[in-house]
Each structure stands twice: as structure tokens, then as C-alpha cells.
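Take a look at the structure set out below.
There are 6 protein chains.
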Amino acid sequence: MKLLLVNPNTTASMTERLGASARAVAAPGTEIVAVNPAMGPVSIEGYYDEAFSVPGLLEEIGRGERNGCAGSIVACFDDTGLDAARTIANGPVIGICEAAMHAASLISTGFSVVTTLPRSVRIIEDLALRYGMERRCLRVRAANVAVLDLEHGGPEPREKLLREVERARDEDGAEVVVLGCAGMTDLVNWVAEQAGIQVIDGVTAAVKLLEGLVGLGFRTSKLGAYASPLAKPYTGDFARFAPGDPAGG
Amino acid sequence: MKLLLVNPNTTASMTERLGASARAVAAPGTEIVAVNPAMGPVSIEGYYDEAFSVPGLLEEIGRGERNGCAGSIVACFDDTGLDAARTIANGPVIGICEAAMHAASLISTGFSVVTTLPRSVRIIEDLALRYGMERRCLRVRAANVAVLDLEHGGPEPREKLLREVERARDEDGAEVVVLGCAGMTDLVNWVAEQAGIQVIDGVTAAVKLLEGLVGLGFRTSKLGAYASPLAKPYTGDFARFAPGDPAGG
Amino acid sequence: MKLLLVNPNTTASMTERLGASARAVAAPGTEIVAVNPAMGPVSIEGYYDEAFSVPGLLEEIGRGERNGCAGSIVACFDDTGLDAARTIANGPVIGICEAAMHAASLISTGFSVVTTLPRSVRIIEDLALRYGMERRCLRVRAANVAVLDLEHGGPEPREKLLREVERARDEDGAEVVVLGCAGMTDLVNWVAEQAGIQVIDGVTAAVKLLEGLVGLGFRTSKLGAYASPLAKPYTGDFARFAPGDPAGG
Amino acid sequence: MKLLLVNPNTTASMTERLGASARAVAAPGTEIVAVNPAMGPVSIEGYYDEAFSVPGLLEEIGRGERNGCAGSIVACFDDTGLDAARTIANGPVIGICEAAMHAASLISTGFSVVTTLPRSVRIIEDLALRYGMERRCLRVRAANVAVLDLEHGGPEPREKLLREVERARDEDGAEVVVLGCAGMTDLVNWVAEQAGIQVIDGVTAAVKLLEGLVGLGFRTSKLGAYASPLAKPYTGDFARFAPGDPAGG
Amino acid sequence: MKLLLVNPNTTASMTERLGASARAVAAPGTEIVAVNPAMGPVSIEGYYDEAFSVPGLLEEIGRGERNGCAGSIVACFDDTGLDAARTIANGPVIGICEAAMHAASLISTGFSVVTTLPRSVRIIEDLALRYGMERRCLRVRAANVAVLDLEHGGPEPREKLLREVERARDEDGAEVVVLGCAGMTDLVNWVAEQAGIQVIDGVTAAVKLLEGLVGLGFRTSKLGAYASPLAKPYTGDFARFAPGDPAGG
Amino acid sequence: MKLLLVNPNTTASMTERLGASARAVAAPGTEIVAVNPAMGPVSIEGYYDEAFSVPGLLEEIGRGERNGCAGSIVACFDDTGLDAARTIANGPVIGICEAAMHAASLISTGFSVVTTLPRSVRIIEDLALRYGMERRCLRVRAANVAVLDLEHGGPEPREKLLREVERARDEDGAEVVVLGCAGMTDLVNWVAEQAGIQVIDGVTAAVKLLEGLVGLGFRTSKLGAYASPLAKPYTGDFARFAPGDPAGG
């Protein structure tokens, strides 16, 4: 099966890293198509960046399905544009925060999330509430690291991250820890070893959950909130995104 | 004071109607600036339309503040882009669903919402949860009317709407009813009279709540989730939306 | 419009201060009638004081409406007697805790409350739950200051209050802070400046919310829990409070 | 042990009936002192009546404790004034709604409440939320019967009540039914037999729960919200209710 | 009345202590039959031990009812097998965690639980959620003491326990403290005196609640989840536990 | 990888059917070991049957791990013994109710469950609450079919099931439907086709989720509630189940 992974920011080097992580866990028959939009923010830190990542993300979701992808991953921990993506996808679409939280809840009775910046804490808390994880998610913590600092590396960001994972383990009573940023995908094993606790990365979790959903033949339900967009004109720069007849698309 | 009302869809005739409703309740010293984006969907029905209304909405929020608006209203009942708008606004920003639900909760112990299409029901239920209104909001109902059918009129849409308001009153035990679409703003009085129950329109509710918040000197807090966007490049068509130095902007 | 502000305790000097605060934010055409009951406790600290403030409060609500007040404020942070007041009021009635929490939730994603005594903490937590603010209200804190010590002044109470506001900002991650006692209305600006965070006072918030509700023509719904009291005899000292025919009253 | 039962309304014939019900289930060594206030409403139907029943109720609670009662029952299904009563009581105080819901949750996985008037439905729903019974309480139903019609009898009120109990059994899936008015205490057995379902009366449930709490030596905790009222003046008609030194009282 | 107390572990010395505690609070006419299963774990610490205590527990519940016990207590703080016990009991069955939490909620507005081992914390938190006590139960704490160390004594376990009770009082704002293990039943008075706070033991609380339920004539409802087991074969070692015709059993 | 599927009842023909369903969706490299306990009930309908299925289930879980199974499935929709199984498993363990609800929440915004008997409804509702699915799970319905009637077949049980699935679709607004009994695994495709809605079977959903978790290298966390059982004696018939040194195995 062919699965689409969309990094909703426009930093191609991060897309490559996410693709590599995804491929490392994909089943033999699974092909990972890792892309990012041509337009939008170079990293997603807060609601404003999110807003400008969604149109490009949706374009990639549509293109991916037309190119034969059987399911899609939104690879930003804010699960940016996930609901909109589901309305235009026939296959299942999964967010990496969603995937990581579901996985965490299946192997523990409580987990904490460690993300990058304080401004993302409430966003993730709100996702936890929407996903019904508000009791299992013991705390969302920020390591105070910018997304692209993870990209460009150096030892300091990972040390900060490790420190916060240890606090989650010791102060929150977390039984596993979820890393709350796609850009941390490389650090999972190192952090897990250092902190002596299982650490969950949303990118790899999403690949396996999605392989499962596609393997079962599930599609995004069109019977309610995820009904296909109604045909109507869009004006100005967005005219080309106007939904056509869903039966045709 | 000057207040911005953004209709996030691009149907100018609806913007005019919303502006007129807003002005009808505005205080003597309040000037309402009613605008809509140049790009985006002609109506917002579901998550996909929402996604493409937000960039234009945010552009209008920014322009409005630069032009001296002290506060802003997002005039779509999905409260589209509300969180993102708050990150770039210094003044308060309020959504019409939020405004209507808050108002309803102050004059009753339980209300129902009547919106347009079934696909919007879960969106509004999720907003109710986020706003803490999940116990006060007894039910979200769809009248099965398209947004632009309200615009273009004829008696049938309003009859369908009335029927559903009556059901809310009789079956849900609603003490007041909230109309769940900006485009219903004209019908409030007619429906209220016909159904013999107070009916709340989010557009007018938002104007008065916003006058209050601005009158008190409140600003959107920048201490957490609504911190100003970080300066960073945006690529492609969205390059012009890249946040600059928030201290400067 | 004429708005009633009832300080439910019998300390006239506090009533005057509350009235002054209210008038400072009232719109040009708004007249504030600030009163307190003739009977009852000199301050409200806990459930017992609350109970004996309500009959006098209700008497004032009734008199205020007969004298042409279009809406009423219950100016004790416990929102004492608010539900009962709504049953006899035709206009909207708002509590200052309710007003402050609603306002806080419109300009932030999370707030803390700082009140006077530890015995009031659970009362306010219960109000937060009733108002659907249990997720937005991060913590209710007590500054360990008696209500009338705020009245009689001296620097110590305000220093204690400031200390707790700073803890709310630093430890709770509060984006704004709500002052949890009507008697703190004078201290809002000083505390906000000292602590460098927006501070919300329920008295002023209630004035503006109420101006809005009255401006929209809303009345307390009589269709359910706030139905007018049924005509029946009251015995003993309370005979004069017996409800008459609501259609007449 | 001597237990106080306060009927918070002033209808002595109802007090007698409640006392008789209480005595019918009391343990051999338990003496039931059944009283009602001298002042206040003849029945409690909604928030306004509640407010005027509380001062007299509190007077009776205080007198009861001084006369050696080891625990107290608030015998109105709205649990009127329960929190205030606890602040002045050393012994435990229990409300009949609280007692009935606790009992129901111990012998079933879900129950419904059938009360008198629609205006009481939300009051009871709010109590269920406060007591943590919002998931176990499947529905609160009103039989549309006035409290004193239960007193003065005739077959019609009990038939209406029975009808609603049967609906609770059949439509809600209630495993037991709680009668939601003290004045229904006489009808429990008849309704249970007719409807073929266990029916719980708060008055008798409260007696047995209270015997248990007193038998265990429990007292109302004074460490938080139920701390004894602070000594302070009360003015006007309520001067005599002013709390003195709690250590003395 | 004759009441059954089942200690679900097989340590007879603990059963004796639990029986003694129960008898110390039982009413004059109450006979306590304290038993433990012949098969199963010597102490219950976590889910696995729980699983193997239930068959023996159910055997004792059945035998107890056949021998005339009018109600039953499950005397392990995990409320092990409580739901299953209710399906075969005609009389009421109560768990000691359930009993303690209900009692605590009647004399305070918030309590903490102090249990033995960290592995039991989430079990008790889940019970709190099921019982609707998740808001009243401020925190579940572990004293890091093994169950049988309480049995075999020495001063260290009780000192650890006391330390944690004091933290509950000081850090959680607990108004009362619940001891979260049947084996702590002897220590209640000592801890309460040392810590200066009311301490609740589930064993004694269950006795008095059960006396009340039986005194009221209540039975476990068979109308839903607690319906009598359907007659069917059980195979292997468990063949003798196969349910027969419930009308006969 | 080798995965264990335990049918916790002792009906071998059902075990075979469940194994066949599991194998039909398993990935090429996955071997499904389908077993059932030697002792216990022939079907699981309610809490009592559950209790007697757990010891045998746990025996199979332990044997499966010793025989090289990398993960386990509890194939009863009550998720019988799931928590206990996790304490003795090193690999992940998943319940079929849990698996189905997680899958449903990833392809819809709301689902209903259709199970066999009314007595199972509350059990499943409680699982939904524990899994955080109480808002996504719109309703749990019973088709009034016994588990073994599904086994022995005939057209009537499946017609009843179909009828209830259609009601879920039409009355609950379910976007997908979950079949709430392992024994329905054969009927999924037929029901889905007849009702025109996606239908989820927990057995197949669990296989794919488990393949994912194992593929990611996850193990059940031992840091909290799922810590390995402490070594201790078990008495009587259960002596052989006594946990040894967890480090040993």
C-alpha cells in the first residue's frame, strides 16, 4: 500500500527526516510518500502558523489520493487541518498527536507529553480533550525549544528535552512519555535510553495505525461531519481550491 | 470605538446584512466596519470551507487593527480561525457562536442551537465543549437549509428553521434558542415571535459583548496560547503573510 | 438605561465603592443604582453569611425592577442568591463571579482566581463547574485576607493579594487573573500594574456584560428553572415576601 | 441517638408525615425530632421559595444541635441550605436528594428521579452534578404535580406520579427510581408495587445514612468549606442570627 | 440482621481483624460473619491478585446469602469483584472503597485517599471516576507500604502512613482522609489523633451503610447490569460455579 | 510475528471462528495463535461470567508469552481481564472493545455500539468512559440476542442485529457502527452491506492495532498500574497461579 505523509510546514529537510522515520517502521509492502506544501510557514508554532499551513496541506492530501495513496498522515503534532483533510479524503487520515496518544493509552494508564514551546501546551491539551485523552494525559510540558533548533541540532535542545522527559517520569508519574513535535522523531531512541522509559513518537505511531486502518479496508466516514465538501465557488487566490462535485472527485 | 466585523466568507451581500444587524444594536459611539476576505469560499459549510476562509480572515483582522479597530468579531458560527485571529490581535476577538452561547447561558439554564446543515452539528458540539457549554447546550439541531438559501430567501428556508426552533422548545426543553448561522441574523425577530421563545443571534450578541470587553480596556492576553506569532519566513503564495517582529507589528 | 447593583452585604461604605467602580465603566446613558440590603451580614464569608444575605438581596432586586431598573448585578463573588434573583426579575441578572469568568474566558485560554479566605475556595470552584469554566479556571487561590480588611485598608492585605496574583501568573500559567471578591474592585489597576498581567474585576465586568444583555433586549427566560415564583403564603417574619400572582407582579 | 429532621417548609402536616416516615425506619435507639421553621414558604417549588426557607431551617439546625441532636436531615429534595447548615453543625448533616442518590447508586447502575414540577428539574440535575451522580442519574422527570396537592391528596397526583415512574423504568432504562419530593414519602410503597420496580424515598434513606454516620462518630469537617461562621455583626431583622465565637458556639 | 464481610484475600488473621473492626461499630442487632476464600492470594496488590481473589469471593457471597446474610461487604479497597458479586446477591453488596468515598463526601467537600503501593493508585482513581467521586477525591496517595507489612506490624509502616496523611491534609487541602486499604482498619484512630484530621476506614463505613440499606429493605436491582447470571455450563475446574436457574438460586 | 488471540470463553467453535477472522486480516508475516481457556463459562454474558473467565484467560496469556507470542488480544467485547493480563504480559495486550472504539474514533466523529444483551450495555458504557470514548460513543444498543445464538446461527439473530444497526445509523446519527460481541465477527460484511454503513469488528481491529504496536517495539509499561505481580503465595486451587519473581519471568 502507498501511504501519504504530509509535513505541513515547508522545511524540506524536516520532511526528509520524517519520511525516513516513517520508512524505518513501515511494513514490507508499504510505500511512504513524504511531501510538504510549497506554500506556508517553515515551522508551525502556534495557531497562526497552523492557519497558513492548512491550504497547502489540503492540496497535498488531494494530490496524494489522486496518486493512489490509500491513507494519509498529518505530521505536525498540532494535528493541523486534520478535520478538513478528512472531508476530502476517501481513505483514513490520522494526525500524529492523535496516533501517539492512542498508542500511549494502549500500553499504559497515564502518559505525559513533552512539546517544544509553551504556546503549544494549550493546543495539545485541547486535542487531548477532543480525543477523550484528558484523563490519560497527565500533563503537557514544554521543553522551551524552537522547532527548527531541533532541526539544526546541537546538543542543547536535546538536553532540554531529556530534562523535561525525566520530570514527566518523576513528577507526573507518567508510565510512558509522548514527544510532542514531529521534529523530535530522531530523538526518540536516545531519549528513551537516557531516561529509562518508553518514549512514543507520533510519526511512527501514525504509520502503524494507518497501515492497520487501511489494511482493514476502512475509509473516512462520509455520513456526518466529514461529508465531502459541497460544490461551490471560491474567490480570489483560492479559486482553484473550490470543491467540485464530490461524486466526481 | 471602532469595531471590526469579518464575515469570513466572500459573499458581499451577506457581509452587508451582517453589518446592518451589527449596527442596529451598536451603541451610539460605536462604528462597525464590516468586511469580508477577497479570497475564499462564498459560504462556509464544513471543515474544508473553513480552512480556506482563514487566511483571508486573518488578513482582514490585521488590516482592521492597523486601521484602528479596537476589537474584532469573527462572524461565522463555526468561529472559524478564532484562535489564530487572537494571536495577531491586540484587542479582544470574539466569535459569534461563542458570543451567542455565553449570552444564552446568562439568561437561561439551558439552550439549543439550530444551524443549517447536519455536517455542522458536530463542529458546533465541539465548540460547546471547548467553551464549557456542553451541559448548558441541550442539543444542536440542523434545519437542513444551505447557507446561501438563507441569503437568496424565499419562504421555505425560514419555515424549516421555525419548525426546528419549535422542536428545540418542545422536545429539548430549551429555555432560549440560538440561531447557528450568521446568515440567520435577519430572521431572529420573526422566528422569536412565531415560536414564542427568546432567540439569540450571534452577530448582535458579539457586538455587545465586544463593546463591553473593549470598554473595560481588555486585550487578548499574550502570556500563553495567544502569544504573537514568532517571526519566521513563509514560502510560496503565503510569503506575504509571514509574521514579522511582533514587537514591531 | 438604569441598572441595579446590589451589594448583598450591609456595609454601606463598600456599596459606595462598588457603585463608584461600576459608574467608572458605565456607558454614557447608563445609570447605576447601587444599594445594599437593610438586613443581613456585614460581609459574606462562607455559606452561612450567604444564606442571610439572600432575603435582603431579593427584596432589593424586586424594588429595583419596580423602580425601573432594566437589569441587575449581584455584587458578591459567591454569586449569592443569583438563581433566586432570576426567578423574580424580568430583566437579566448577572453575578460578578459569572461575569468575571466569562470575560476571562474571552481574552485568554486559562485564568486563576484569587479570593479572600480559604473557605471560599470550594464555593468558587463549584461556581466554575456550574458555569462550565472548570477547565478554563486553572486554580482558585486564597490570599488569606478578610473582606473587611480590604475595606479598612492598610498595605498588608493588598501585598498578600499581590503575592498570590504573582503565584497564579508563575505557578498556574494563568494568562489573566480574576479577583475573587467584590471588595477588591479598587485594587485591580494597582495589582495589574505591579504583577504585569491583566486583572479582571467582576463588578466592572458585570456592568458591561449587563449593558450588553439589556441593550439586546434580552430578559431572563421564564420557560424553565427561572419561572416566576408560584403564588403561595409565606408564614411568620417572611409573610411579606410571599409571591403574588406573577402575571400581576 | 437523637436525630433532627427539618422540613424546610412551614406546613406542619407535612412535617408530621415526614416524621412518621422517618420513625418507621429508625433503629430502636434512634429518636427522630421532626420540626419545621416558623417562618417561610408553605411549600418549596423553585429557587425563590428555597431562599426564604433557609434562615428558618438554619435556626432549627442550631436549636436541634443545642438540644442534643447528633445529626440533621434537610428534608426537601432541593437539599435547600445544606451547605450553610453544615457550617453551623458539628454533627453530620444530610440532604434527602443526596441520601436518595447515594442509596440508588449502591443498588443499581442507573436511576431516574421523578419530581413534582418542571421548574425543579434543573435544580435536581445541578445537585446530581455536584454529587458526582451525573452519569448514574439517567434522567430527572417532572410529574407535573404541585407539592401541596400531594399533601391534600386525591388519586390524580399519585396516578400522574405512577405514570412517570413507569416511563422512567421503560424509556430511561432506570434500574431503580428515586422520588424527588419529600412530600412523596407516603407513596413509595404503593408506587413500587404498582410499577414493579424498587423506589427510593430520600427521607428514609437519609435517616439510615445519618444513623450510620453518627454511629461512626463522624462530624462535619471544619477544615475547609464548612468552617464555622466567623463572628461578625448582622444588621436589621437578621441581627439575632449573627454568628458568635465559633469556639463558644 | 446478619451481614457478611468477605475479606477477598486468604490471610485469616486479617479477616479476624476486619471482623473485629466491623463488630466494633455494628448495631446491637447486627451479626457480622467475617470470612475469606479458601483459594486465592494472601494479599491483593494490583490487578493480577484481584483476578484470583474473585472466584473465591463469589463463592463466599453465595454461601453467605444461603446462610441468611441480608447484605454483603467486599472488604478490599479495590472493591474487587463487586459488580460480579451484585449479580448473584439478592441483598445489597457494598465495597469498602465505595463506602469510604460516599461517607467522606457526606462530611466534607474534598478528601484524599492514602493507600499502600503506587500500583494501586490508578485502580483507586478509576473507582473514584466510576463512583462519580473524581472531583471530590482530591488525590490518591501511596504510602509505599506492603499490605502484609501492615499485618505484621512494627512502627515503620504506620509512620509512613501518617506522613502521607499529613501531606494530604497540608498539600491537597483534604478536609478528611480516607485510608485506602482494608488492612489499615486498626490504625484509623491512631492516625486521626496524630494528624488532627478525621480519618475514614472503609470497613466500618461499609458496615453502617449496609445496615442502612438492609434496614430500608433494599435489594440489588436485577433490572439491568446486575441481572442474575444466565444458566449455562462452565467447564473444567470452574464447572461447579456454573449458574443455575436464577429463579431457583 | 506471533500474536496470541484468547477467546476468554470455552466454546472452541467460537475460538476457531475468531481465529479465522483474525487470520483473514493478518499481515503476511503474522501468525495468529487462537486459544481458549480449559475452564470457565461457555459464553460471557455479564459480570459473573466475566469473573470466571479471567483465571483461564490469564493462564493462556502467560503460556502464549512463554511460547513466543509478541502481543495478545482479549477477544471478548467486555475486555474481560484486560488490566490483569497487562500486568503479566511483557508485550502489548489489547481488548477488542478498546480496539474497535479506537478505530471507530479515527474514521468518524461519532459511533454507536450494538451488542447482544441488555445486561452488557452498562459494561460497555463503563468501558467507553474508561477509554475516554464517552463523547464519541453516541449510544450502546442491545439487539437482544444471546451470544451462542450467534454461534448456532439461523437467520433471526442476524436480522435482529441488522435492525439495531439501522437504528444506530438513523436515530443516533452514528457515522460508523461497532459490533459489540466477538461472536459477531462473521456478520460484519453482511451487516455493513445491508445497512450501507461501515461496521467495525473488534477482533480484526485488534489484530491490526496489535501488529502496529508490536511493530513499533512497544511493551506494556511496567512503571505504574501494570507493574508485574509481586511474588507471594496463593492458596488452595489457585496455588499454581502464584506470581514468582517477576525478574525471572
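Chains L, S, F, C, D and Z, in that order, are what the protein sequence lines are.
Just so it is clear: in the first sequence, position 235 is 235 by the working numbering, and no numbers are missing.
Just so it is clear: in the second sequence, position 22 is 1022 by the working numbering, and no numbers are missing.
Just so it is clear: in the third sequence, position 90 is 2090 by the working numbering, and no numbers are missing.
Just so it is clear: in the fourth sequence, position 187 is 3187 by the working numbering, and no numbers are missing.
Just so it is clear: in the fifth sequence, position 184 is 4184 by the working numbering, and no numbers are missing.
Just so it is clear: in the sixth sequence, position 51 is 5051 by the working numbering, and no numbers are missing.
For every residue, glycine included, the Cβ atom is placed at its ideal position computed from N, Cα and C.
All values reported here derive from a predicted model rather than from experimental measurement.
Cβ shell of residue i (< 8 Å), same chain only, five flanking positions each side left out
i: Z/E5045; result: T5116, L5117, R5119, S5120, A5146 and V5147
i: F/E2016; result: A2034
i: C/Y3047; result: I3123
Chain L within 8 Å of residue i, Cβ atoms only
i: F/G2196; result: no
i: S/A1084; result: yes
Beta carbon proximity, residue i to chain Z, threshold 8 Å
i: L/S108; result: yes
i: L/S221; result: yes
i: D/G4068; result: no
i: L/T204; result: yes
i: L/V176; result: yes
i: D/V4042; result: yes
Minimum Cβ-Cβ distance from residue i to chain D less than 8 Å
i: Z/L5150; result: no
Sequence-distant residues of the same chain with beta carbon closer than 7 Å to residue i, five excluded per side
i: F/R2066; result: none
i: Z/A5085; result: L5057, L5058, I5061, S5072, V5074 and V5093
i: S/T1080; result: P1008, I1044, E1050, S1053, V1054, L1057 and V1074
Selected residue, minimal CA-CA separation from residue i, among the options
i: D/Q4198; options: D/L4213, D/L4162, D/P4229 and D/V4054; result: D/L4162
i: C/A3192; options: D/D4201, D/S4221, D/G4071 and D/G4196; result: D/S4221
i: D/A4143; options: D/D4186, D/E4171 and D/V4113; result: D/V4113
i: S/L1058; options: S/I1107, S/G1029, S/V1214 and S/N1007; result: S/N1007
i: D/E4098; options: D/S4108, D/F4077, D/T4087 and D/A4231; result: D/F4077
i: F/L2106; options: S/P1028, S/V1074 and S/I1107; result: S/V1074
i: C/G3183; options: C/A3022, C/M3014 and C/L3209; result: C/M3014
i: F/A2174; options: F/L2213, F/F2111, F/E2166 and F/A2231; result: F/F2111
i: C/A3038; options: C/A3027, C/F3052, C/Y3131 and C/T3030; result: C/F3052
i: C/D3186; options: C/E3151, C/E3211, C/G3215 and C/R3169; result: C/E3151
i: D/S4021; options: D/G4029, D/S4228 and D/L4005; result: D/L4005
i: D/A4027; options: D/A4239, D/R4240, D/T4235 and D/K4208; result: D/K4208
i: F/R2141; options: F/Y2131, F/A2070, F/C2181 and F/P2243; result: F/C2181
i: Z/A5089; options: Z/A5227, Z/I5200 and Z/D5126; result: Z/A5227
Cβ of residue i within 8 Å of any chain C Cβ
i: F/F2052; result: yes
i: F/T2087; result: yes
Cβ shell of residue i (< 6 Å), same chain only, five flanking positions each side left out
i: Z/F5218; result: P5092
i: S/A1206; result: I1073, I1094, I1096 and A1099
Cβ-heavy atom distance, residue i to the ligand HEM, below 7 Å
i: Z/E5098; result: Of the ligands one can find in the structure shown there are none, so the ligand HEM has no counterpart to examine.
Contact belief for residue i with residue j at Cβ below 8 Å, rounded distance in angstroms
i: Z/V5177; j: Z/L5018; result: The Cβ separation is near 20 Å, so there is no contact.
i: S/P1055; j: L/P55; result: 7 Å
i: S/R1139; j: S/D1170; result: That pair is no contact at about 12 Å.
i: F/L2179; j: F/D2149; result: About 15 Å; that fails the 8 Å criterion.
Cβ of residue i within 8 Å of any chain S Cβ
i: F/G2224; result: yes
Chain F contact for residue i (CB, 8 Å cutoff)
i: C/A3247; result: Interpretation of C/A3247 is limited by its pLDDT of 46, a score under 50 that renders its predicted location unreliable; the figure taken from the coordinates is listed afterwards. Taking Cβ atoms only, chain F never reaches closer than 8 Å to C/A3247, which makes this a no.
i: C/F3241; result: yes
Any C-beta of chain L within less than 7 Å: which residues of the stretch 4112-4131 of chain D qualify?
Of all residues in the stretch 4112-4131 of chain D, those with a C-beta nearer than 7 Å to a C-beta of chain L are R4122, reading in chain order.
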